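Structure, as structure tokens:
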Amino acid sequence: MEFWKWQQEQQKNSENNQKSQNRNQKNRPRQNTSPANNASNKYVGAPYNFVPFYDKVYQYPDHKLTSHNSVEENLITGEITYKITAKTPIMIDDGTNHFFTDAKGRYAIPGSTMRGLIRNNVQVLGLCSYEDDIDDYALMYRNVANGAEKTRYNNTLGAKQIRVNDGTKNYSLGVLLNVRAGYVSNEGGKYVIYQTAVDSVKKEFKQMNYYVLSERKIVHDYLKYGDEFSFGFFRQNGKSILQHEFQEFRKEGTHYKGRKNTEYKPYYEPISYEVTHEKDITAVGKPGKYKNAGFAVSTGMMNEKKAVYIIPEIDRTKECITIPEKDIRAFKIDLKKKENTLKQFGGKKYFDLPQEGEMRPVFYIRLDGRLYFGFTPRLRLFYDHMLKKGLKQNWKAGSVDYCKALFGYAAPEKSYKSRVSFSDAVVQGNVRSGTEKKLILAEPKPTSYLDYLKQNGTTPVTYNTENFELRGAKQYWLHKDLVQEDRDIKNEKAASTIAPLQQGAVFIGKVRFQNLTEDELGLLLWAIRLNQESQMNVGKAKAYGYGRISLTLNEAVKFDLKRAYQSDTELCLNPFIEIDVDKAIESYKTEINKYLNKPIDQLPHIQNFFLMKDSDRIPDNKQTRYMKIDAKEYQSRTNALPGIETIISEE
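All the letters of the sequence shown, read from the start, carry residue numbers 197 to 847 under the working numbering.
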């Protein structure tokens with residue numbers, strides 16, 4: 197389902213008219229009359245879209261790479277001065293929720309931030325590779341509702357309803373037959389899993405070697421027997437350490453609902469316990485009080501979740517399992533990306549792997565030659581394929597593109613130093629930070645396969661699909677005004693505080709370059725200036741409209757060796773001459789058009805890029821908002837619905 201469709205006007209072929217043609221050929225937006233434009237619960241939206249990767253990467257000739265140790269007369273060395281104007285409030289975080297300041301205490305946009313912004317533009321406009329920008333690891337997923345991999349997920353976990361007998365009656369029970377519990381240990385940077393003293397809690401439960409204890413059962417026992425109840429471990433210093441308070445659960449329909457414990461934090465603690473009928477925990481206390489030893493594990497709080505897991509003690513005599521390094525790396529990357537979300541579940545530490553010399557309980561699956569692990573029985577699984585497999589570009593290992601040529605690169609076999617450097621863009625005048633604002637700054641994640649992967653319109657494509665393809669480079673839409681949140685932030689732990697500079701703040705920055713060819717300089721200037729009507733966004737909270745900026749070139753000059761050394765007796769105080777920016781950009785276009793055999797402006801991914809940067813074509817906020825959870829838009833999104841479609845289809 198598209199946000200809108202763009203009509204493309206036919207380009208003229210005359211190169212003399214190309215400049216005016218580029219201004220006149222703008223794609224005119226036409227509002228889509230599909231459910232994307234109304235309040236239908238089928239709406240699928242986001243404040244971002246994707247600029248498709250260009251498949252025919254421009255392979256940069258090795259002989260064009262120049263040296264760094266001198267200023268070459270036949271190449272171009274100089275400086276670009278640019279002005280940034282904040283069109284909406286802007287927030288560049290220094291890591292402490294304050295606006296970044298330079299060494300002199302002035303508000304500034306770091307040179308590294310500007311370098312990253314312009315480098316991203318060069319990647320698009322320079323037909324560059326994204327090989328080095330995509331981590332090669334396996335994403336993780338958990339599908340317990342309507343996900344495309346629900347059946348596969350449940351089969352991997354062995355989720356079944358089975359009939360059991362406790363000695364008095366038969367009844368149905370949901371179990372995870374393939375999930376085991378153990379203990380993961382960090383031993384010299386290597387991670388191993390040790391098995392437990394119990395192989396299976398009951399023959400019918402197969403691999404399941406841990407016990408599930410209902411919080412409702414614990415509370416019921418306390419309400420019946422008071423402080424003499426059998427589960428005293430869960431009431432410490434007169435307070436509940438459960439996800440619920442020690443108050444009666446009330447029945448609502450087919451579910452029981454208790455009163456949430458607002459001070460709850462996930463934990464894993466050593467305990468002792470008693471068990472009957474092989475699987476029923478009848479008592480839990482501090483270590484040594486009861487016959488059996490083990491750990492009590494209580495995971496992140498979730499609605500309708502009322503379980504504590506009892507894991508038997510470790511048995512070091514059994515085979516231990518070494519976790520592959522690639523899976524450890526994928527797990528840590530996944531955890532890092534969820535860091536903000538995990539604030540509301542007690543923070544990152546509980547969900548992280550143990551430190552050197554430490555050990556903690558873990559759940560895991562060994563199935564069909566794969567190992568999956570996590571800290572809840574319904575753990576996240578690794579997708580079959582690594583992320584980079586979906587990058588479909590004709591890129592040869594060891595090759596160079598415009599991005600590497602300009603910004604440098606480091607590789608085991610060869611490295612090349614950057615020929616451009618960015619200074620901090622410093623605020624002009626006396627500017628004060630604005631009022632603090634709390635926002636949910638969750639980042640869009642590639643696990644949203646309906647959006648991040650090209651869909652075929654029939655069955656959902658995921659990272660388990662053999663020939664999946666990444667959609668492109670994510671770009672945020674521009675916003676005319678700030679997006680007002682239409683709900684209160686109920687979970688303060690999940691919110692971030694920002695204190696942006698107000699709209700209208702002006703920054704001045706510089707880019708210095710050395711020994712560039714004419715086409716390289718033209719590409720750099722185009723990436724900084726873009727088109728006349730273009731704007732960009734930078735910093736935090738782009739999804740809410742913060743950080744929309746205009747960038748104009750104040751000055752672009754190049755060093756003139758002849759002028760600098762025109763006399764043996766006179767010192768030239770200004771050895772720089774002005775650069776014709778339009779002519780330089782045209783030099784790049786002429787060079788790249790030879791490679792393409794057509795104007796670069798005709799490429800769909802270039803048109804996608806500039807339409808998202810077009811300040812005259814900023815879409816309505818309703819078209820670029822996140823889906824609403826309270827309106828059940830997100831929940832009602834099924835596998836039959838497409839994700840975000842490319843604005844302009846590829847030829």
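Quick reminder that beta carbons are idealized off the backbone N, C-alpha and C, glycines included.
In this text, all values refer to a predicted model and were calculated from it rather than measured experimentally.
Whole-Å CB distance - residue i paired with residue j, under 8 Å assumed
i: Q439; j: K453; result: Wrong, their Cβ atoms sit about 12 Å apart, outside the cutoff.
i: G741; j: V679; result: 5 Å
i: K633; j: I694; result: 6 Å
i: V623; j: R302; result: 6 Å
i: G743; j: M287; result: 7 Å
i: A723; j: N317; result: 4 Å
Residue environment, residue i, which counts as buried when at least 16 other CB atoms sit within 10 Å
i: E411; result: buried
i: D816; result: exposed
i: T229; result: Only weak support is given to the placement of T229: the predicted model assigns it a pLDDT of 30, under 50, and the question is left unresolved by the model.
i: T513; result: exposed
i: S236; result: Confidence at S236 is low in this model, with a pLDDT of 34, below 50, so its placement is unreliable and no value can be given for it.
i: K222; result: Since pLDDT at K222 reaches only 39, below the 50 mark, its modelled position is unreliable, and the value read off the structure follows with that caveat. Buried is the call here.
i: G449; result: exposed
i: Q551; result: exposed
i: P387; result: The sequence as given places Tyr at residue 387; Pro does not occur at that position. Buried, since its Cβ has 16 or more Cβ neighbours within 10 Å.
i: L719; result: buried
i: Q710; result: buried
i: N652; result: exposed
i: P520; result: exposed
Residue i (DSSP reduced to helix, strand or coil)
i: D476; result: strand
i: N350; result: helix
i: H294; result: coil
i: F401; result: helix
i: A723; result: helix
i: A304; result: strand
i: R679; result: Correcting the residue type first, residue 679 is Val in the shown sequence and not Arg. Reduced to three states, the DSSP call for V679 is coil.
i: M287; result: coil
i: Q624; result: coil
i: R311; result: helix
i: R412; result: helix
i: H581; result: coil
i: E554; result: coil
i: F805; result: helix
i: F527; result: helix
i: K201; result: Only weak support is given to the placement of K201: the predicted model assigns it a pLDDT of 39, under 50, and the question is left unresolved by the model.
i: N488; result: strand
i: Q710; result: strand
i: P800; result: helix
i: E448; result: strand
i: Y326; result: coil
i: L757; result: helix
i: N817; result: helix
i: G274; result: strand
i: F703; result: strand
i: D810; result: strand
i: T537; result: helix
i: A739; result: helix
i: Y418; result: helix
Minimum C-alpha distance to residue i - residue among the options
i: L705; options: G586, D797, E751 and E400; result: The identity of residue 705 in the sequence shown is Gly, whereas the question assumes Leu. Cα-wise, what sits closest to G705 is E751.
i: S730; options: E275, K283 and D258; result: K283
i: G543; options: A355, F249, A393 and A691; result: A691
i: H581; options: L335, I286 and L271; result: L335
i: K610; options: V623, V596, D620 and L602; result: V596
i: G700; options: G630, Y244, H801 and Y672; result: G630
i: L674; options: K613, D812 and L373; result: D812
i: Y645; options: E665, I636, N626 and V627; result: E665
i: H264; options: A601, D647, R562 and S396; result: A601
i: E269; options: Q728, Y784, K809 and E714; result: E714
i: F571; options: Y612, P248, F491 and G312; result: F491
i: D328; options: I802, K584 and E470; result: K584
i: G625; options: K676, F569, V702 and D677; result: V702
Where the alpha helix (DSSP H) containing residue i begins and where it ends
i: F603; result: Y598 to F603
i: T786; result: V777 to L792
i: V247; result: Looking at the DSSP string, V247 is not in any alpha helix (DSSP H); the run it does join, the beta strand (DSSP E), is Y244 to V247.
i: H264; result: Element bounds for H264: n/a, residue is neither H nor E.
i: L646; result: Y645 to Y648
Span of the beta strand (DSSP E), counted from its first residue to its last, around residue i
i: P508; result: A503 to P508
i: L635; result: K633 to L635
i: K670; result: A669 to Y672
i: E774; result: F772 to E774
i: V386; result: Strictly speaking, residue 386 in this sequence is Lys, with Val absent from that position. Taken as a continuous stretch (DSSP letters only), the beta strand (DSSP E) holding K386 covers K386 to Y390.
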